[in-house]
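S.K.: The numbering used here applies: residue 4 is where the sequence shown begins, and numbers increase by one.
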Amino acid sequence: MTEQTSTFVVTHAESESAVIRDVETAQVHTLGSNPGLEIHDVLEATVAPEPPLEVTWQVVDVADRRSIELVDSDLSPTQHEKELADDADVGDLIQEERAGTGEIHVFRVPEDEVESAAQDVLEDEETIARAARLEAVRVEVRRSADDGVLSVRYLPD
Numbered sequence: 004m005t006e007q008t009s010t011f012v013v014t015h016a017e018s019e020s021a022v023i024r025d026v027e028t029a030q031v032h033t034l035g036s037n038p039g040l041e042i043h044d045v046l047e048a049t050v051a052p053e054p055p056l057e058v059t060w061q062v063v064d065v066a067d068r069r070s071i072e073l074v075d076s077d078l079s080p081t082q083h084e085k086e087l088a089d090d091a092d093v094g095d096l097i098q099e100e101r102a103g104t105g106e107i108h109v110f111r112v113p114e115d116e117v118e119s120a121a122q123d124v125l126e127d128e129e130t131i132a133r134a135a136r137l138e139a140v141r142v143e144v145r146r147s148a149d150d151g152v153l154s155v156r157y158l159p160d
């Protein structure tokens, strides 16, 4: 095996080891040590297999490190987000780029499932991986049960 340079998200962290996942390929790497990583950290890094068995990996270079903040907001989706959902069927996803960087994802969900859908998004590892790919540092989940609308905002600094 050889070195790999990519964007990784930390999916598990203990004092003596960590697990990272490549956000592009979904390849999982178990680190033989933990260089101070915490869950939801995002690394632009190079990793290499640890000799002699090459069953665990080590971080050999970190170009950038940031954390992704997950926010379970008590705010409702914006008027614009509700308008995006107006023409959507239940189960549809509408994606819209934000001015600058980031994206807004709006879901039309059954009114009685809005809360569970919001929790699913907040607990899904892919939410963090998507934020890493979009170069976001904050993910804000808003919902309106009355409207059957869930919005996920991937925000930059």
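By construction, the Cβ of each residue, glycine as well, lies at the ideal position given by its N, Cα and C atoms. Note that the coordinates shown come from a computational prediction; the quantities given were computed from them, not determined experimentally.
Shortest alpha-carbon distance to residue 36 belongs to which of 78, 110 and 19?
M.R.: That would be 19, whose Cα lies nearest to the Cα of residue 36.
S.K.: Can you tell me whether residue 82 is helix, strand or coil according to DSSP?
M.R.: Correct three-state label for residue 82: helix.
S.K.: Buried or exposed: which applies to residue 142, given that a residue is buried once 16 or more other Cβ atoms fall within 10 Å of its Cβ?
M.R.: Looking at its Cβ environment, which holds 16 or more other Cβ atoms inside 10 Å, residue 142 is buried.
S.K.: Can you tell me which residues form a DSSP beta bridge with residue 47?
M.R.: Residue 47 pairs with 10 and 67.
S.K.: Contact defined as beta carbons within less than 8 Å: I believe residue 140 pairs with residue 146. What is the distance between those atoms, to the nearest angstrom?
M.R.: Actually they are not in contact, since the Cβ atoms of residue 140 and residue 146 sit about 21 Å apart, beyond 8 Å.
S.K.: Among 98, 82 and 122, whose alpha-carbon lies nearest the alpha-carbon of residue 150?
M.R.: Measuring from the Cα of residue 150, the nearest candidate turns out to be 82.
S.K.: State the Cα-Cα distance for the pair residue 15 and residue 138, rounded to the nearest angstrom.
M.R.: Approximately 21 Å between the Cα atoms of the pair.
S.K.: Less than 7 Å between C-beta atoms, sequence neighbours within five positions excluded: which residues of the same chain meet that for residue 96?
M.R.: Cβ neighbours of residue 96 beyond the five flanking positions: 108 and 110.
S.K.: Since residue 43 contacts residue 13 with CB under 8 Å, what's their CB separation in whole angstroms?
M.R.: 6 Å between Cβ atoms; contact.
S.K.: Nearest to residue 49 by alpha carbon, out of 55, 66 and 57?
M.R.: Out of 55, 66 and 57, 66 has the C-alpha closest to the C-alpha of residue 49.
S.K.: Can you tell me the Cα-Cα spacing of residue 155 and residue 144, whole angstroms?
M.R.: About 5 Å.
S.K.: Between the beta-carbon of residue 106 and the beta-carbon of residue 98, is there less than 8 Å?
M.R.: Cβ distance < 8 Å, so residue 106 and residue 98 count as in contact.
S.K.: Please give me, in chain order, every unbroken run of the beta strand (DSSP E) with length at least 3 that falls completely inside the segment 93 to 152.
M.R.: Counting whole runs of 3 or more residues, the segment 93 to 152 contains the beta strand (DSSP E) stretches 96 to 100, 106 to 111 and 141 to 147.
S.K.: Within the same chain, show all residues whose beta-carbon is closer than 7 Å to that of residue 131, passing over the 5 residues directly before and after it, in chain order.
M.R.: Once the five neighbours on either side are set aside, the close Cβ partners of residue 131 are 12, 43 and 71.
S.K.: Measure the Cβ-Cβ separation of residue 148 and residue 118 and say whether it is below 8 Å.
M.R.: The answer is yes: Cβ separation under 8 Å.
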